[in-house]
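Read through the structure below, which is laid out as structure tokens, and then see the notes.
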Amino acid sequence: MSISKTYSPREVEDKWYAYWLEQDFFSSKPDSREPYTIVIPPPNVTGVLHMGHMLNNTIQDVLIRRARMMGKNACWVPGTDHASIATEAKVVALLKEKGISKNDLTREEFLSYAFDWKEKYGGIILEQLKKLGASCDWNRTRFTMEDSMSRAVIKVFIDLHKKGWIYRGVRMVNWDPAGMTAISDEEVIRKEINSKLYYIKYRIVGADSQSEILNQDYLVIATTRPETIMADAAICVNPNDERYKHLKGKKAIIPLINREIPIIGDDYVTMDFGTGCLKVTPAHDLNDYELGIKHKLPVIDILNDNGTLNEKAEILIGKDRFAARKEIGVMLENSNSLQKIEDYKSQVGFSERTDAVIEPKLSMQWFLKMDKMAAPALDYVMSGEVKLIPDKFKNTYKHWMENVHDWCISRQLWWGQQIPAWYLPDGTYAVAETRDEAWQILKNSENNTTSYSKEDLNQDSDVVDTWFSSWLWPISVFDGFEDPENEDINYYYPTNDLVTAPEILFFWVARMIMAGHEYRGKAPFKNVYLTGIVRDKQGRKMSKSLGNSPDPLDLITEFGADGVRVGMLLCSSAGNDVLYDNAFVEQGRNFSNKIWNAFRLLNSWTVDKNLSSQNELAVNWFESKFNAELELINQNFDQYRISEAMMLAYKLVWDDFCSTYLEMIKPGFEEPIDAYSYNKSIIFFDKILKLLHPFMPFITEELWHQTAERKEKECCIVAEYPKPEVINRQTLDYTTLALKVISEIRNIRNQKQISPKEKLALVIPSILQNQYSSYVEMISKLANLSEVKFGKNKPEKSISFMVGTDEFYIPMENMQIDTEAEKERILKEIEYLKGFLKSVDVKLNNEKFVSNAKTEVIEIERKKKADAESKIKQLEQAMEML
RNA sequence: GGGAGUUUAGCUCAGCUGGUUCAGAGCAUCUGCCUUACAAGCAGAGGGUCACUGGUUCGAACCCAGUAACUCCCACCA
Numbered sequence: 032m033s034i035s036k037t038y039s040p041r042e043v044e045d046k047w048y049a050y051w052l053e054q055d056f057f058s059s060k061p062d063s064r065e066p067y068t069i070v071i072p073p074p075n076v077t078g079v080l081h082m083g084h085m086l087n088n089t090i091q092d093v094l095i096r097r098a099r100m101m102g103k104n105a106c107w108v109p110g111t112d113h114a115s116i117a118t119e120a121k122v123v124a125l126l127k128e129k130g131i132s133k134n135d136l137t138r139e140e141f142l143s144y145a146f147d148w149k150e151k152y153g154g155i156i157l158e159q160l161k162k163l164g165a166s167c168d169w170n171r172t173r174f175t176m177e178d179s180m181s182r183a184v185i186k187v188f189i190d191l192h193k194k195g196w197i198y199r200g201v202r203m204v205n206w207d208p209a210g211m212t213a214i215s216d217e218e219v220i221r222k223e224i225n226s227k228l229y230y231i232k233y234r235i236v237g238a239d240s241q242s243e244i245l246n247q248d249y250l251v252i253a254t255t256r257p258e259t260i261m262a263d264a265a266i267c268v269n270p271n272d273e274r275y276k277h278l279k280g281k282k283a284i285i286p287l288i289n290r291e292i293p294i295i296g297d298d299y300v301t302m303d304f305g306t307g308c309l310k311v312t313p314a315h316d317l318n319d320y321e322l323g324i325k326h327k328l329p330v331i332d333i334l335n336d337n338g339t340l341n342e343k344a345e346i347l348i349g350k351d352r353f354a355a356r357k358e359i360g361v362m363l364e365n366s367n368s369l370q371k372i373e374d375y376k377s378q379v380g381f382s383e384r385t386d387a388v389i390e391p392k393l394s395m396q397w398f399l400k401m402d403k404m405a406a407p408a409l410d411y412v413m414s415g416e417v418k419l420i421p422d423k424f425k426n427t428y429k430h431w432m433e434n435v436h437d438w439c440i441s442r443q444l445w446w447g448q449q450i451p452a453w454y455l456p457d458g459t460y461a462v463a464e465t466r467d468e469a470w471q472i473l474k475n476s477e478n479n480t481t482s483y484s485k486e487d488l489n490q491d492s493d494v495v496d497t498w499f500s501s502w503l504w505p506i507s508v509f510d511g512f513e514d515p516e517n518e519d520i521n522y523y524y525p526t527n528d529l530v531t532a533p534e535i536l537f538f539w540v541a542r543m544i545m546a547g548h549e550y551r552g553k554a555p556f557k558n559v560y561l562t563g564i565v566r567d568k569q570g571r572k573m574s575k576s577l578g579n580s581p582d583p584l585d586l587i588t589e590f591g592a593d594g595v596r597v598g599m600l601l602c603s604s605a606g607n608d609v610l611y612d613n614a615f616v617e618q619g620r621n622f623s624n625k626i627w628n629a630f631r632l633l634n635s636w637t638v639d640k641n642l643s644s645q646n647e648l649a650v651n652w653f654e655s656k657f658n659a660e661l662e663l664i665n666q667n668f669d670q671y672r673i674s675e676a677m678m679l680a681y682k683l684v685w686d687d688f689c690s691t692y693l694e695m696i697k698p699g700f701e702e703p704i705d706a707y708s709y710n711k712s713i714i715f716f717d718k719i720l721k722l723l724h725p726f727m728p729f730i731t732e733e734l735w736h737q738t739a740e741r742k743e744k745e746c747c748i749v750a751e752y753p754k755p756e757v758i759n760r761q762t763l764d765y766t767t768l769a770l771k772v773i774s775e776i777r778n779i780r781n782q783k784q785i786s787p788k789e790k791l792a793l794v795i796p797s798i799l800q801n802q803y804s805s806y807v808e809m810i811s812k813l814a815n816l817s818e819v820k821f822g823k824n825k826p827e828k829s830i831s832f833m834v835g836t837d838e839f840y841i842p843m844e845n846m847q848i849d850t851e852a853e854k855e856r857i858l859k860e861i862e863y864l865k866g867f868l869k870s871v872d873v874k875l876n877n878e879k880f881v882s883n884a885k886t887e888v889i890e891i892e893r894k895k896k897a898d899a900e901s902k903i904k905q906l907e908q909a910m911e912m913l
């Protein structure tokens, strides 16, 4: 049977994924084993897989598969997030295409459309994860808006309200005019924008308009938002500002609408910024709002929820705020109220979900007090009970937790958990799960409800922030709210590792810790592995809009899931951004191919049972090598240096197993191999497959079944992860030196342009006879030698090379030896060594060094000196011979 | 404006407690090879003033101070 020269992943991947599912290998139930649990950061239900997911989920799958093989009860809980703003926006857009406006629908109708849509397109991303090989327990798939999880959200809301941590209040919120909802501070992305600073003249009431001194006639105010002048409530100057002292108590007139406003003083105003005059617009700026409260100014809100101007603006009613800004500029110009326009850079907030410019807006919202919850959540991380990997994020975390703001949790949307607050027409309200309970609460309260009936109650039309459901995720996926003592939650909680992006450290990670502490008394996980952001070669974040992101599924088709996984791991150390390049994935594919071909070689051998066992040295060496590397790999895993662990495995397989071990034992063309070597090699390969399985699940499973007859259910995915065994350090050291000798000989071949086919001879210094006698065969084979001798002197016609402090010779009787070149090479070497020796001598002659340095260090220096001297001596002898 | 981080080979990054695993790895590059597992390969080789300037030390990529560039987070200067 001939096997393809290249590995073709496609059928292999589908076949094994289906088989794993069929055998139920991913599913987990509580038992006596130690649990190892990961909850997936739930992707948006409407999302499609992007490179960030690939990285994130590859890491999770590596961790979970390794834990499974190490005998733990591995449970990876998948699911999706309802992502209220993003999903609602998509549904609204879809309805719009059908000619349906959200405003024309009832809440129920809209939600029914939304659920239909979710049923149809939701969860595509989970199907995509399967292509990557994700070994989630799909029976446990959850959705943040399914009934039971929603009930948990409502329960928590009511509980926190009872505790007095949830409150309702008028606040300046970040209003997203595109999403038509308030969003939290964390969802606002600030960007520096090139804008214009408009210098607008406000006439002063009572000033002599004929006055020759223009400056007394009007004030000039610098603003980036001229469209809000109609909402001005005052003009504010610094009371210490000499320029404006005379204006105290006077009034100014808003241009265009000619409304009078007072001129007030407050030292909030910086004198040297702009003109030193500030227009106070309480409805549209947070500072102005606070200034307005202090000076009891009216709030004039001139904007509709969608960002257009309303009738209070008096002019430009119905125009969008940005259109209005332009028009006002022109209008001010025409009415001679504009002094000048300057270019200006300012920080503007954008909605994370819709990218609309945020409008500060006063509105009634629900808030969650954060101070009480933040304190313990900070402790978990600072004490190391929850470890952030890498720990540089500790600082950022601390800073945020110490300056945390109350969390605006209400959203003016329909897609989400509706806030369990019930209002009477007079504005009194109760927080309760049902209308009946709310009615009971209100009846029992001191409020007078006699004039109302239960039917007069209206539920708050807002929903809670999506994060208000996802912060419960590690508990709610195990039904820990509805049934706090159930078997699952007690077994799986707290989970082990969380793998997520640093971007949502506060949105999500910090809040999960808060919820975990509040409702389980324990943080929800022990380690948080923070991946970087996947960027393109130029360092730009990969995004759909830039079109710089490859489609992960295309990559999987082209390079195989294993190749893509390896590629992602190769370019990603924890917490560092990933500069993605297809070259990494290619490297991953090539690695798959390498493993495939190692198998082809093993598979091609015929075993001769009558042959005595050979290659014992090679076998012993690789055994030790494997164990030594396995130890290192495990150490790296323990430190979550997964990329490093991957690279070590890569080198072990490619360099040590393929390039070295297999070449050592490979029989000649069409010759059989002895049973000992063959069986050992199969055992090694088997271990290698297991070692690689967490990184490359598909190819390893495939080959695992090809290398031996396997019983039903006997699969690599559930095989026991190799354990480090005996390491013979001497074998490792001696072999390393022998390999060095081989490499030197090959190098000389290259330099002297001697064909690898031409056999050479080698003279090994006789003092090394003990060390090298068992290596003669191996060296001869790998360096293609005809004869190896032990000797004291340099053969007359020969080339020499050094390994360590020993000089080896390759006799070259038939070859032309360029004596001059050889001399020159040796001289150069001697010169270098002498320089080196000098620097060592300086050190050793330095009394301070000898008296201060550790004895080991001094010993090392002495050895360096001795080695260098011995090398020089040998080289000088060689010179004489020439 | 405040804070954190980064800067080591052409690229991506290791380098742990200051000293032989100290200047490393992978990729890329160059040279020679279609050698009966693999050209998605094999065998070799060449790449670095460890951002810069000082300091501490017998000894600094590593510790300290300053400078520069970049990145991220936080923040209400119109």
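The working numbering applies: residue 32 is where the first sequence begins, and numbers increase by one. Note that CB positions come from ideal geometry on N, CA and C, so glycine has one too. Remember, predicted model here, so these are calculated numbers, not experimental data.
Residues near residue i by beta carbon distance below 7 Å, same chain, minus five either side
| i | result |
| --- | --- |
| Leu419 | Val412, Lys425, Tyr428, Val559, Leu561 |
| Val650 | Ser708, Lys711 |
| Ile472 | Ala461, Ala463 |
| Leu191 | Ile197, Leu399 |
| Leu245 | Summary for Leu245: the model assigns pLDDT 44, below 50, so the residue's position carries little reliability; its value from the coordinates is reported in the next sentence. Closer than 7 Å at the Cβ level, and outside the excluded window around Leu245, lies no residue. |
| Asp493 | Ser441, Arg442, Gln443, Ile450 |
Inter-residue spacing [alpha-carbon to alpha-carbon] between residue i and residue j
| i | j | result |
| --- | --- | --- |
| Lys357 | Ser179 | 50 Å |
| Phe590 | Met82 | 15 Å |
| Ala614 | Pro72 | 28 Å |
| Pro109 | Arg171 | 7 Å |
| Val749 | Gln645 | 33 Å |
| His113 | Pro407 | 28 Å |
| Leu586 | Gln618 | 13 Å |
| Lys392 | Gly280 | 29 Å |
Helix, strand or coil at residue i [DSSP, three-state]
| i | result |
| --- | --- |
| Lys896 | helix |
| Arg566 | strand |
| Pro842 | strand |
| Gly547 | helix |
| Gly598 | helix |
| Glu223 | strand |
| Arg442 | strand |
| Tyr61 | According to the sequence as given, residue 61 is Pro; it is not Tyr. DSSP places Pro61 in coil when its eight states are reduced to three. |
| Glu818 | strand |
| Leu642 | coil |
| Asn527 | coil |
| Arg352 | helix |
| Ser215 | coil |
Cβ-based neighbour list, residue i, same chain, cut-off 6 Å, excluding 5 preceding and 5 following
| i | result |
| --- | --- |
| Leu503 | Ala183, Ala546 |
| Gln800 | Phe821 |
| Ser655 | Ile758, Asn759, Thr762, Leu763 |
| Asp593 | Ser623, Met727, Phe729, Ile730 |
Of the listed residues the options, nearest to residue i (C-alpha basis)
| i | options | result |
| --- | --- | --- |
| Thr762 | Phe657, Ile861, Arg856, Gly200 | Phe657 |
| Leu409 | Leu584, Lys392, Trp431, Ile284 | Trp431 |
| Leu722 | Arg99, Met85, Tyr67, Leu80 | Arg99 |
| Ile235 | Asn225, Ile224, Asp248 | Asp248 |
Spatial neighbours of residue i in its chain, beta-carbon cut-off 8 Å, leaving aside the 5 residues before and after
| i | result |
| --- | --- |
| Lys343 | Met261, Ala262, Ile331, Asp332, Ile333 |
| Asp872 | Lys896 |
Residue i Cβ short of 7 Å to the ligand FMN heavy atom set
| i | result |
| --- | --- |
| Met413 | Absence of the ligand FMN from the depicted structure is noted, as is the absence of any ligand whatsoever, leaving it without description. |
Sufficient close CB pairs (3 or more, under 8 Å) joining the stretch 209–222 to the stretch 374–386: yes
The stretch 220–229 in contact with the stretch 247–259 per 3-pair CB rule at 8 Å: Yes, the stretch 220–229 is in contact with the stretch 247–259.
Three-pair Cβ contact test at 8 Å for the stretch 766–774 versus the stretch 782–789: no
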